[in-house]
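These notes are about the structure you will find just below.
Residue numbers (the numbering used here), protein chains in the order written: chain A, 6 to 83; chain B, 6 to 83.
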């Protein structure tokens, strides 16, 4: 069982990947064709994001959609 | 851009992983706490599956949720 919920895990991964690209939530939202407040609520772990939006967000981040489901990283690990 | 839609890709991966476990759609649905007709429609690529259900299906298959988003396999490749 995951130590965090799927929504919390997705939130962490989205935030990590977004910050790595240097995009603001607003810029990411615009690229992905989503609303800024929706992206914000995803990053707070409040949303049960759908498959289509997972792929939209990944494309906007130039990331593999699977990276948004990556397991939680332990502190100190790479 | 993917050559198939996210929903079609998910459908292919779900079916492949389910058949690899030897589970029927009905048995998978029961394990995942979902309805048999819902699993069936996912495998027809008709559903915009949510994050929570992606993780439920993966757990029922003892698979990594990321495997359900794996890119399409070319015929003849491993």
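We treat Cβ as the ideally placed atom computed from N, Cα and C, and that holds for glycine.
Model, not experiment: these values are computed from the prediction.
| request: Taking C-beta pairs closer than 9 Å, name the residues in chain B that residue 54 of chain A reaches, listed in chain order. | output: Sequence index remark: in the first chain, residue 54 of chain A carries index 49 (1-based). Per Cβ cutoff of 9 Å: 55 and 56.
In chain A, which residues lie less than 8 Å from residue 12 of chain B when you measure between Cβ atoms?
On the second chain, position 7 is the one that residue 12 of chain B refers to. Chain A residues near residue 12 of chain B: 56 and 57.
Q. In its own chain, which residues sit with a C-beta less than 6 Å from the C-beta of residue 60 of chain A, not counting the 5 before and 5 after it?
A. Working through the first chain from its first residue, we reach residue 60 of chain A at position 55. Closer than 6 Å at the Cβ level, and outside the excluded window around residue 60 of chain A, lie 70.
**Asked** Does DSSP put residue 2 of chain B in a helix, in a strand, or in coil?
**Response** The structure shown does not extend to residue 2 of chain B, since chain B is modelled only from 6 to 83, so the question has no answer here.
Handout entry: Minimum C-alpha distance to residue 63 of chain B - residue among B/44, B/77, B/51 and B/78
Key = Along the second chain, one-based indexing puts residue 63 of chain B at 58. Selected option, being the one with the closest Cα: B/44.
Interface residues of chain A around residue 66 of chain B at Cβ under 9 Å? Along the second chain, one-based indexing puts residue 66 of chain B at 61. Near residue 66 of chain B there are no residues of chain A at all, since even the closest Cβ is about 14 Å away, more than 9 Å.
Item checked: C-beta contact flag for residue 78 of chain A and residue 50 of chain A at 8 Å -> One-based indexing of the first chain puts residue 78 of chain A at position 73. One-based indexing of the first chain puts residue 50 of chain A at position 45. No.
*Distance, residue 48 of chain B Cα to residue 17 of chain B Cα*: Locating residue 17 of chain B in the second chain gives position 12, where the first residue counts as 1. Locating residue 48 of chain B in the second chain gives position 43, where the first residue counts as 1. Each residue's alpha carbon lies about 7 Å from the other.
Exercise. Using the C-alpha atoms, what's the distance from residue 21 of chain A back to residue 32 of chain A?
Worked result: Here residue 32 of chain A corresponds to residue number 27 of the first chain, with the count starting at 1. Here residue 21 of chain A corresponds to residue number 16 of the first chain, with the count starting at 1. About 15 Å.
Check the Cβ of residue 23 of chain B against every Cβ in chain A and list those closer than 9 Å, keeping chain order.
Locating residue 23 of chain B in the second chain gives position 18, where the first residue counts as 1. Here the premise fails: no neighbours, minimum Cβ distance about 17 Å.
What is the rounded straight-line gap between the Cα of residue 74 of chain A and the Cα of residue 52 of chain A?
By 1-based counting over the first chain, the position of residue 74 of chain A is 69. By 1-based counting over the first chain, the position of residue 52 of chain A is 47. In a straight line, the C-alpha of residue 74 of chain A is about 14 Å away from that of residue 52 of chain A.
Handout entry: Chain-ordered neighbours of residue 78 of chain B on chain A, where CB pairs are closer than 8 Å
Key = One-based indexing of the second chain puts residue 78 of chain B at position 73. By Cβ distance, chain A contributes nothing, its closest Cβ being about 14 Å from residue 78 of chain B, past 8 Å.
Can you have a look at residue 9 of chain B and say buried or exposed, based on whether 16 or more other CB atoms are within 10 angstroms of its CB?
Start at 1 with the first residue of the second chain, and residue 9 of chain B comes out as number 4. Residue 9 of chain B comes out exposed.
Query raised in the report: Does the Cβ of residue 67 of chain B have 16 or more other Cβ atoms within 10 Å, making it buried, or fewer, making it exposed?
Result: On the second chain, position 62 is the one that residue 67 of chain B refers to. When all chains shown are included, residue 67 of chain B counts as exposed.
Discussion item. Against chain C, with Cβ distances strictly below 8 Å, would residue 49 of chain B count as a contact?
Written reply: No chain C is present in this structure, whose protein chains are A and B.
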